[in-house]
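Enquirer: Before I ask anything, here is the structure I am working with.
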Amino acid sequence: MKVRFVFVVFILLLSLTIFAASPSLITAAKKEGKVVVYSITSRIKNAAEAFENKYGIKVEAYNLKGYELIEKVAKEVGGGIVGADFVIAQDGGRIFGELIEPGYLYNYVPEDMMSIIPEEYQNPLRLSIITKVFLYNSETFTYPPVLNVWAFTDPKYKGRFFFKDPFKEGVNMNFLTMITKPEIAEELAAAYERYYGKPIELTTENAGYEWIKGILENGLVLMKSDTTMAESIGVKGQGIDKIGLCTYSKVRYRETKNLALLPIAAMDPFAGFYYPSYLMMVSNAAHPNAAKLFIEFLLTEEGFEPWAGSEGTYSSNPNIRPHPGDFSFEIWEKLLVGEDPEFLFNNRLDVEEFWNEYAY
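The numbering used here numbers the first residue of the sequence shown as 218 and each following residue consecutively.
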């Protein structure tokens, strides 16, 4: 038993040492003295503070909306203007087509992380995976009020489905695009038959488009933000019967804002969607070594701490466990619709045009 204990301690100590950045990188980064990051998540401010305290390197961190970040980087790098050194970005289709393909961003995986981060998360490098799930008011309902996404096309649920405006956050339009992918559309068609008891009769290209049309014609409520959505759904004492496809991390408002929120993990045929946040180097970075050091820091437990305080966000580093009480991402991955950047790049415009046809 004693030998086993010593061995376990040795393994734990070894796991800590693999995260140590190389002395030469630290020296080069400190010589640069500064790093600039554009980020789609406001929690970068907390990570920046921890990085500054650890290495004494000044961080300029800017929190931008996804589309703002893409447009800003394209304009700056395309115009020869020095701005960010690296980015934390989302919206895989646009990142692929508008920033990676033109060479404005490039991939960097810290050497110490190559054997830790799963290969499928390395190119482009992911910081995290973020989930959006169907949430309901757990005070109004003891159990989920619906278990099939086609309920939101049913007149008896008219006006009860909340969704963030997909033109205010690209990942929502990505979700709508992904459900038109043939294999996912087939799952939707099967779910339609389970809900309505008869095969779907298409008036559009496939069941994905049919679902989009159906929710729009059934009083879909478009929200400006996931925060507003969570607050509208989860308020107590008012018998709220609405359901929203919302950022899962908003369930932290159960404690911070006294809201009643729970996910519908058993929703048929999917419980929501997930998307990555990407860590990418900017091609004309003025402080590349400091950027590389910060990227490596964010992939450690210490650097990821600002995102680890609630459900719904999962590090690409499998050694960083999910928030207590949450499922692992391996479980959520089987329940949610993922992103295919190439499919999104080639098909999103068609879905945007379809949306506009029925939404306005």
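Where a beta carbon is used, it is the ideal one built from N, C-alpha and C, also for glycine.
All values derive from a computational prediction rather than experimental measurement.
Starting from residue 278, trace the beta strand (DSSP E) both ways and give me its first and last residue.
Expert: Taken as a continuous stretch (DSSP letters only), the beta strand (DSSP E) holding residue 278 covers 275 to 280.
Enquirer: From residue 581 to residue 428, what distance separates their C-alpha atoms?
Expert: The question about residue 581 has no answer here: the residues shown for the chain are numbered 218 through 577.
Enquirer: Would you mind reading off the limits of the beta strand (DSSP E) that contains residue 532?
Expert: Residue 532 -> beta strand (DSSP E) spans 530 to 532.
Enquirer: Counting along the chain, where does the beta strand (DSSP E) carrying residue 292 start and finish?
Expert: First-last for residue 292: 283 to 295, but that is the alpha helix (DSSP H), not the beta strand (DSSP E).
Enquirer: Based on DSSP bridge pairs, tell me the residues matched to residue 602.
Expert: Residue 602 is absent from the model: the chain starts at 218 and stops at 577.
Enquirer: Looking at residue 379: is its Cβ nearer than 9 angstroms to the Cβ of residue 287?
Expert: It is not a contact, given that the beta carbons lie outside the stated cut-off.
Enquirer: Which residues does DSSP pair with residue 346 in a beta bridge?
Expert: 493 and 531, per the DSSP bridge assignment.
Enquirer: Determine the contact status of residue 513 and residue 238, defining contact as a CB-CB distance below 9 angstroms.
Expert: For residue 513 and residue 238, yes; Cβs fall inside 9 angstroms.
Enquirer: Any chance you could list the beta strand (DSSP E) runs of at least 3 consecutive residues sitting entirely within the stretch 439 to 484, in chain order?
Expert: Counting only runs of 3 or more, we get 460 to 464 and 478 to 480.
Enquirer: Just mark residue 331 as buried or exposed, buried being the case when its beta carbon has 16 or more other beta carbons within 10 Å.
Expert: It is exposed - the Cβ of residue 331 has fewer than 16 other Cβ atoms within 10 Å.
Enquirer: Looking at residue 366 and residue 484, is the spacing between their C-beta atoms short of 9 angstroms?
Expert: Taking 9 angstroms as the Cβ cut-off, residue 484 and residue 366 qualify as a contacting pair.
Enquirer: If you scan the stretch 346 to 387 from start to end, which runs of the beta strand (DSSP E) of 3 or more residues do you find wholly inside it?
Expert: Complete beta strand (DSSP E) runs here, min 3: 378 to 381.
Enquirer: For a cutoff of 9 angstroms on Cβ pairs, would you count residue 371 as touching chain B?
Expert: Looking for chain B here will not work: only one protein chain is present.
Enquirer: Report, in whole angstroms, the separation of the C-beta atoms of residue 461 and residue 352, which I expect to be a contact under 8 angstroms.
Expert: Their Cβ separation, rounded to whole angstroms, is 5 angstroms, which keeps residue 461 and residue 352 in contact under 8 angstroms.
Enquirer: Okay, do the stretch 553 to 563 and the stretch 497 to 507 touch, 3+ Cβ pairs below 8 angstroms being the bar?
Expert: With the cut-off at 8 angstroms, the stretch 553 to 563 and the stretch 497 to 507 do not touch.
Enquirer: Under 9 angstroms between the Cβ atoms of residue 608 and residue 354?
Expert: Outside the modelled stretch of the chain, which goes from 218 to 577, sits residue 608, for which no answer is possible.
Enquirer: Based on Cα-Cα distance, which residue from 317, 501 and 507 lies nearest to residue 275?
Expert: Nearest of 317, 501 and 507 to residue 275, Cα basis: 507.
Enquirer: Can you list, in chain order, the residues of its chain with a C-beta nearer than 7 angstroms to that of residue 392? Leave out the 5 residues immediately preceding and following it.
Expert: Excluding sequence neighbours, residue 392 sits near 490 and 554.
Enquirer: Let me know the beta strand (DSSP E) ranges lying completely inside the stretch 391 to 445, each 3 residues or longer, listed in chain order.
Expert: Runs of the beta strand (DSSP E) inside the stretch 391 to 445: 438 to 440.
Enquirer: Would you list the one or two residues that DSSP bridges to residue 256?
Expert: According to DSSP, which records beta bridges pairwise, residue 256 is partnered with 280 and 305.
Enquirer: Round the Cβ separation of residue 397 and residue 431 to the nearest angstrom and send it over; I've been treating them as touching at under 8 angstroms.
Expert: Not really, about 13 angstroms apart at Cβ, beyond 8 angstroms.
Enquirer: Where DSSP assigns a beta bridge to residue 554, which residues make up the other side?
Expert: Answer is 490.
Enquirer: Residue 384 and residue 574 - do their beta-carbons sit closer together than 9 angstroms?
Expert: Going by C-beta atoms, residue 574 is not nearer than 9 angstroms to residue 384.
Enquirer: Under the DSSP definition of a beta bridge, which residues are partnered with residue 251?
Expert: In DSSP, residue 251 forms a bridge with 275.
Enquirer: From residue 244 to residue 510, what does the alpha carbon distance come to, in whole angstroms?
Expert: Cα-Cα distance, rounded: 10 angstroms.
Enquirer: Would you mind sorting residue 229 into buried or exposed? The rule is 16 or more other CB atoms within 10 Å of its CB.
Expert: Unreliable placement is indicated for residue 229, whose pLDDT of 38 sits below 50; no coordinate value is reported for it.
Enquirer: Note down, in chain order, each residue of its chain lying with its Cβ closer than 6 angstroms to the Cβ of residue 493, except the 5 sequence neighbours on either side.
Expert: Closer than 6 angstroms at the Cβ level, and outside the excluded window around residue 493, lie 343 and 346.
Enquirer: Is residue 283 closer than 9 angstroms to residue 306 when the C-beta atoms are compared?
Expert: Yes, the Cβ-Cβ distance between residue 306 and residue 283 is below 9 angstroms.
Enquirer: Between the Cα of residue 562 and the Cα atoms of 313, 480 and 415, which residue gives the shortest distance?
Expert: Cα-wise, what sits closest to residue 562 is 313.
Enquirer: To the nearest angstrom, report how far apart residue 548 and residue 295 are at their CA atoms.
Expert: Spanning the two alpha carbons is a distance of roughly 40 angstroms.
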